Amino acid sequence: MLFASDAAFQAAEPFMPEPTPYIRCVRTFNYTYLHRILTIPSGEKVYVVNDTLANARLAIEMLGQVGLSQYHFLPFGPGAGETDPEVRYAVTVGESRLVPKYIPNVVDVGIRVPDISTIAGIAAFFGLPMGLVDEVTKNFISQYVQLLKVANHRLEQANNTKFLTQSIITNIGTGVCVVNGRGAITLVNRPFAEALSIEKPRLVGMLLKEAAPEFYRQLLEARRRGGNHVMLGEEGTGIVVLFQEIEDFAHEKLLFLHCQPGAAARAPRDVRKPEEAACRFEDYLTGDKKTKAMLETAKRMSLTDFRILIEGENGTGKHLLAQAIHSNSGASTHPFYRLHLTALSEEETIRKLAEIYEGNIFADGKGTLYLDGVQCLTEKLQREVLRLLDARKGLRIISSSPRSLYEMCQEGDFLPELFFRLGEVSAETVPVRERPEDIRLLCEYFLRNLCGNPALTWEELFGDGLRRVLNQYPWPGNVKEIANMCKYLSCIQSGGRFHEKDLPPYMLAWVRARQERVGPLERELLSFIGSHPGIGRARLCAELETRGMEVSEGKIRSLLRNLADRGLIKANRTRGGCELTEEGEILL
């Protein structure tokens, strides 16, 4: 299986049969367009725009890694809040539609593309010929040469461009080296030196034949034969160094060398990498005072080594809170590993715990283990977790449960010893029904993201009746249910506002069920009003008489007032008559 992102892998992991061979795509910038950023004046505030704030922050981190440190980058995306009017430039990763409309200067560097290691991994897994990988590598080299030419041109205009070019080489994930026509190394990074086992401290300026004499001999032989690569180590398991002649901006001949794994090299199939804890505390969207207080307490907890127990209903963001705690802790540079206990059998859980116990997941013994769903542990598994706590004392443990573990202890379903050891400190997430102000925030956030319009508002999205229903609905699925509803609405979007009739069928059934029963006379009134919008009391009396129902105008007035109080009709003033509300239409 090939996963486009870590998020896609995390969503599918609980359902993957074992062993399942898989590759997680590592994406990088498209170097064809990266030079466009250099047109922005140094020192400017620049929005980095992506589909989520987390992805925008990741893009900023990657821009810093390639040496673009002369700008003040700010993350922007759906849910970012108020814009900064001083910002006049934006860089976007293929998401131009999300850039604030007032920004006049937009640089689109295109979507991130799979890096060479991902392409090589796919080719290696399927045993594809080296020539196929060579084509991809040549394309990468061509793109890099264009960037190098632009960077060298900028070097004549600005002193910081040399630093940019060197930073790109230094921080690229695979081994790269550039040798000039005299055989001297002009650019090189650490992965290249490590691949060739070069231990000399200063390689730039040194002749390649002096830095790596055996490799240099193999390189000369390969070039004499008309080849394009040198194999280091056993074929299929070693390192391939590909080379190609290029020209710089001044048309000087250069030799570009690039390392990649051998064609048959592949990662072990049964080892799963820990996920990245992408969520931070500022990503936890809320305007609720109680939730904000919980987050502040959790921040303080994150700065300790205490084991944390997170309790709360399903869909209230326990997993995101665990990620935020890890990201804010001293263990943030170490792995975050989620053990999804509700999705694993007893045998699978024992095997996973054994891997952790033996150090296969946390090689240095440091990091955060997130036990998601500890309420489902059998007594046997609870004792296994106790054994793990004794053995891996340097490991940070965060646990979560939708049920009260204390009550489970009282009922004899959970070991008190484990409860008190897992819950040295605890946090409780707040259900949506207790934070009604967040309904608006969450609906706006999800639909802005889904519709690709960060300016959409609560009033623009929903009709009056639907806003009233959303505020009254109990949201048993919490934030996850709001997200699902927004996805459903985005699929039926017609360009106007959403109304109650647009709700998912099960929510529409809830709306109908909560309406009080109406009698035959009230139903007749609703039917008349529905077919004759703006009808008045006098005409309603006449219509009822034609059907053999003699009702006084005073009685009609009382019935209409009752229907209006229940939100089924809207009684207009003066001669406006009556008309059905969305609730009345649904009832009929």
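Per the working numbering, the sequence shown starts with residue 58, numbered consecutively.
Just so it is clear, CB atoms sit at the ideal spot from N, CA and C, and this is done for glycine as well.
As the structure is a computational prediction, the values presented were derived from the model and not from experiment.
Check: Measuring CA to CA, which of L125, L527, A111 and E481 is closest to P132?; Outcome: A111
Check: Does the region 379-386 come into contact with the region 403-422, if we say contact requires no fewer than three beta-carbon pairs (one atom in each stretch) closer than 8 Å?; Outcome: no
Check: Is it a yes or a no for the region 387-395 touching the region 339-351, going by three-plus beta-carbon pairs under 8 Å?; Outcome: no
Check: Do E370 and N535 have their C-beta atoms within less than 7 Å of each other?; Outcome: yes
Check: Could you tell me the distance, in whole angstroms, from the CA atom of L523 to the CA atom of L625?; Outcome: 13 Å
Check: Assign F72 to buried or exposed, taking buried as 16 or more other Cβ atoms, counted over all protein chains shown, within 10 Å of its Cβ.; Outcome: exposed
Check: Report the residue from R492, S153 and E70 whose alpha carbon sits nearest the alpha carbon of P161.; Outcome: S153
Check: If you check the beta carbons only, do V236 and L265 fall under 7 Å apart?; Outcome: yes
Check: Which of helix, strand or coil does DSSP assign to N237?; Outcome: strand
Check: Considering I455, what are the terminal residues of the beta strand (DSSP E) in which it resides?; Outcome: R453 to S458
Check: Suppose you measure from the CA of S458 to the CA of E517; what does that come to, to the nearest Å?; Outcome: 37 Å
Check: Put Q550 into one of helix, strand or coil per three-state DSSP.; Outcome: coil
Check: On the three-pair Cβ rule with 8 Å, is the region 465-478 touching the region 96-116?; Outcome: no
Check: So D429 is in the beta strand (DSSP E); what residue range does that whole segment cover?; Outcome: T425 to D429
Check: Is the beta carbon of A269 closer than 7 Å to that of L289?; Outcome: no
Check: To the nearest angstrom, how far is it from the Cα of M343 to the Cα of G480?; Outcome: Note on identity: in this sequence residue 343 is Thr, with Met being the wrong assignment. Straight-line Cα distance between these residues: approximately 25 Å.
Check: Which residues in the same chain have their Cβ closer than 6 Å to the Cβ of E256, if we skip the five residues on either side of it in sequence?; Outcome: none
Check: Alpha carbons only, please: which of I179, L578 and A621 is nearest the one belonging to R604?; Outcome: L578
Check: Let me check one thing: in DSSP terms, what residues is P171 bridge-paired to?; Outcome: R84
Check: Counting along the chain, where does the alpha helix (DSSP H) carrying S615 start and finish?; Outcome: E610 to D622
Check: Go through its chain and collect everything with a Cβ distance to G520's Cβ below 8 Å, but skip five positions before and after it.; Outcome: R554, F555, H556, E557 and E639
Check: Should the region 81-99 be called in touch with the region 163-179, which here means at least 3 C-beta pairs below 8 Å?; Outcome: yes
Check: How far does the beta strand (DSSP E) with I407 in it extend, from its first residue to its last?; Outcome: Looking at the DSSP string, I407 is not in any beta strand (DSSP E); the run it does join, the alpha helix (DSSP H), is E403 to Y414.
Check: Only counting the same chain, and skipping five residues up and downstream in sequence, which positions put a Cβ closer than 7 Å to that of L260?; Outcome: I242, V245, A250 and A268
Check: Within 10 Å of its beta-carbon, does C548 have 16 or more other beta-carbons around it, so buried, or fewer, so exposed?; Outcome: exposed
Check: Taking the alpha helix (DSSP H) that M465 belongs to, which residues open and close that run?; Outcome: L462 to Q467
Check: Measuring straight from C-alpha to C-alpha, what distance separates A61 and L443?; Outcome: 37 Å
Check: For L616, count the other beta carbons within 10 Å of its own beta carbon; 16 or more makes it buried, fewer makes it exposed. Which is it?; Outcome: buried
Check: Return the Cβ separation of K537 and G372 in integer angstroms, given the expectation that the two are a contact with Cβ distance under 8 Å.; Outcome: 4 Å
Check: For E581, I'd like the list of residues in its chain whose CB is within less than 8 Å of its CB, leaving aside the five on either flank, ordered along the chain.; Outcome: L601, R604 and M606
Check: How far does the beta strand (DSSP E) with H397 in it reach, from first residue to last?; Outcome: F393 to H397
Check: Return the chain-ordered list of same chain residues with a C-beta closer than 6 Å to the C-beta of Q432, the five sequence neighbours on each side being excluded.; Outcome: S458 and R460
Check: Which first and last residues belong to the alpha helix (DSSP H) in which E278 is found?; Outcome: P270 to R281
Check: Just the Cα atoms here: how many angstroms apart are M58 and S483?; Outcome: 37 Å
Check: Would you list the one or two residues that DSSP bridges to D165?; Outcome: T149
Check: Which class does S62 belong to by DSSP, given the choice of helix, strand or coil?; Outcome: coil
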